[in-house]
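Chains A and B, in that order, are what the protein sequence lines are.
So the first sequence is numbered by this note's numbering: it starts at 1 and just counts up by one.
So the second sequence is numbered by this note's numbering: it starts at 1 and just counts up by one.
What follows is a short report on a single structure.
Protein chains: 2
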Amino acid sequence: MRNIEEYISGYVDGEGCFTVTFNKRDKAKIGWELRPSFSVSQNEERRQVLDIIQKYFGCGFIRRDYSDRTVKFEIRDHIQLRDRVIPHFERFPLLSNKQKDFELFREVCKIIDHGGHLTKSGFIKIVNFAYRMNGSGKRKRTSQEIIRNLK
Amino acid sequence: MRNIEEYISGYVDGEGCFTVTFNKRDKAKIGWELRPSFSVSQNEERRQVLDIIQKYFGCGFIRRDYSDRTVKFEIRDHIQLRDRVIPHFERFPLLSNKQKDFELFREVCKIIDHGGHLTKSGFIKIVNFAYRMNGSGKRKRTSQEIIRNLK
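Here it is as structure tokens:
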């Protein structure tokens, strides 16, 4: 019998990603669209583990990126993130400092859960959490650019 | 209590590598030096899991690659590969087709264990196993180039 939960946490610690992206959207109440996402990427030849992860979480979708022959498993739905992804990583935490990204991600999801993302102050908190995550150096906008352009 | 064994297999399934390299060496009886290696690479910022893996296996070394800011954990010693690495992945197999690389790697280690790598026929078997592993497309020599140059 395998302990698949631990296996998945180990795999995600290497290959997974917690991220929150922001897209300008004039129609949105606050002027920005917010997208939290949990994803795991892999080369096409080795997508088996993504299928296992999808089956384990019982949600999310897998899509191909034809540009670089990778396949990505992703969960974006807030309820699924809240009820399936976050509890998993609370029970089986990551052992690298990617765990900090998870904790920031969880804070963002908590704010969204209470509707805080629809208020200016809540949204600013989210931006600040998201920009403390690893990989934020690659973002095309600074956090100040987003905050300045809030409606 | 964590099930660290499964976590490590999951992590290795994403980030680990089983490989056998060949270096021309005129002083070697057979003309080639053989190096089986199990390794796991990671960015410097996230080396914690490598420390955990090293502690778990109780052997191997961690070294920095200053060129690309990665850190690599590696086990090369035959006895450690045979007695620690291989039994681990027999008990907690990889779930992607990287498992096939492990199985080929194990075959190579078995041949070495019986001294077969010191014979021409054994060495040819090893070369053929090694060149069936994933990532062999990146090798600078073909298997035929090695086999042709055996003493």
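Idealized CB from N, CA, C, for every residue including glycine.
Predicted, not measured: the structure shown is a model, and the values here were computed from it.
Checklist entry - Just checking my contact of B/G16 with B/V40 at CB under 8 angstroms: how many whole Å lie between their CB atoms? => result Position 16 of the second sequence holds residue 16 of chain B. Position 40 of the second sequence holds residue 40 of chain B. Sure, about 5 angstroms apart at Cβ, within 8 angstroms.
Checklist entry - If B/F18 sits next to B/W32, beta carbons under 8 angstroms apart, how far is it from one beta carbon to the other, in whole angstroms? => result On the second sequence, residue 18 of chain B is found 18 positions in, with the first residue counted as 1. On the second sequence, residue 32 of chain B is found 32 positions in, with the first residue counted as 1. Not really, about 19 angstroms apart at Cβ, beyond 8 angstroms.
Next on the checklist: Taking the straight line between their C-alpha atoms, what separation do you get for B/Y56 and B/H88?
Outcome noted: For the purposes of this step, residue 56 of chain B is taken as the residue at position 56 of the second sequence. For the purposes of this step, residue 88 of chain B is taken as the residue at position 88 of the second sequence. Rounded to whole angstroms, B/Y56 to B/H88 spans 10 angstroms at the Cα level.
Checklist entry - Can you round the beta-carbon distance between B/E90 and A/Y7 to whole angstroms, since I take them to be within the 8 angstroms contact cut? => result Counted from its first residue, the second sequence places residue 90 of chain B at position 90. Counted from its first residue, the first sequence places residue 7 of chain A at position 7. That belief does not hold up - the Cβ atoms of B/E90 and A/Y7 are roughly 15 angstroms apart, past 8 angstroms.
Next on the checklist: For a cutoff of 8 angstroms on Cβ pairs, would you count A/E44 as touching chain B?
Outcome noted: Along the first sequence, one-based indexing puts residue 44 of chain A at 44. Taking Cβ atoms only, chain B never reaches closer than 8 angstroms to A/E44, which makes this a no.
Checklist entry - For B/I146, which of B/Q42, B/I126, B/K100 and B/M133 has the nearest alpha-carbon? => result Numbered from 1 along the second sequence, position 146 holds the residue referred to as residue 146 of chain B. Looking at the Cα atoms, B/I126 is the closest of the given residues.
Next on the checklist: Quick check: is the beta carbon of B/I52 nearer than 8 angstroms to any beta carbon in chain A?
Outcome noted: Against the second sequence, residue 52 of chain B aligns to sequence position 52. Interface residue, yes.
Next on the checklist: Taking 8 angstroms as the threshold (beta carbon to beta carbon), is B/Y7 in contact with chain A?
Outcome noted: For the purposes of this step, residue 7 of chain B is identified with residue 7 of the second sequence, where counting begins at 1. So, interface residue.
Next on the checklist: Let me see if you follow: with CB-CB separation under 8 angstroms, is B/L104 close to chain A or not?
Outcome noted: For this step, residue 104 of chain B is matched to residue 104 along the second sequence. B/L104 does not count as touching chain A.
Next on the checklist: Can you list, in chain order, the residues of its chain with a C-beta nearer than 7 angstroms to that of B/L81? Leave out the 5 residues immediately preceding and following it.
Outcome noted: Residue numbering aside, residue 81 of chain B sits at position 81 when the second sequence is read from its first letter. Contacts found: P36, F38, I75 and C109.
Checklist entry - Of the choices A/Q54, A/N128, A/I124 and A/R69, whose alpha-carbon is the least far from that of A/E45? => result Your numbering for residue 45 of chain A matches position 45 in the first sequence. Nearest of A/Q54, A/N128, A/I124 and A/R69 to A/E45, Cα basis: A/R69.
Item to check | Nearest residue (CA-CA) to B/R2, options A/L95, A/R139 and A/D101 | outcome: Numbered from 1 along the second sequence, position 2 holds the residue referred to as residue 2 of chain B. Nearest of A/L95, A/R139 and A/D101 to B/R2, Cα basis: A/L95.
Item to check | Listed by chain order, chain A residues near B/S15 by CB distance under 8 angstroms | outcome: Residue 15 of chain B sits at position 15 when you count from the first residue of the second sequence. Just to set this straight, residue 15 of chain B is Glu in the shown sequence, not Ser. Those within 8 angstroms of B/E15 in chain A are G14 and E15.
Checklist entry - Do you know how far the Cα of B/D101 is from the Cα of B/R132? => result Position 132 of the second sequence holds residue 132 of chain B. Position 101 of the second sequence holds residue 101 of chain B. Straight-line Cα distance between these residues: approximately 8 angstroms.
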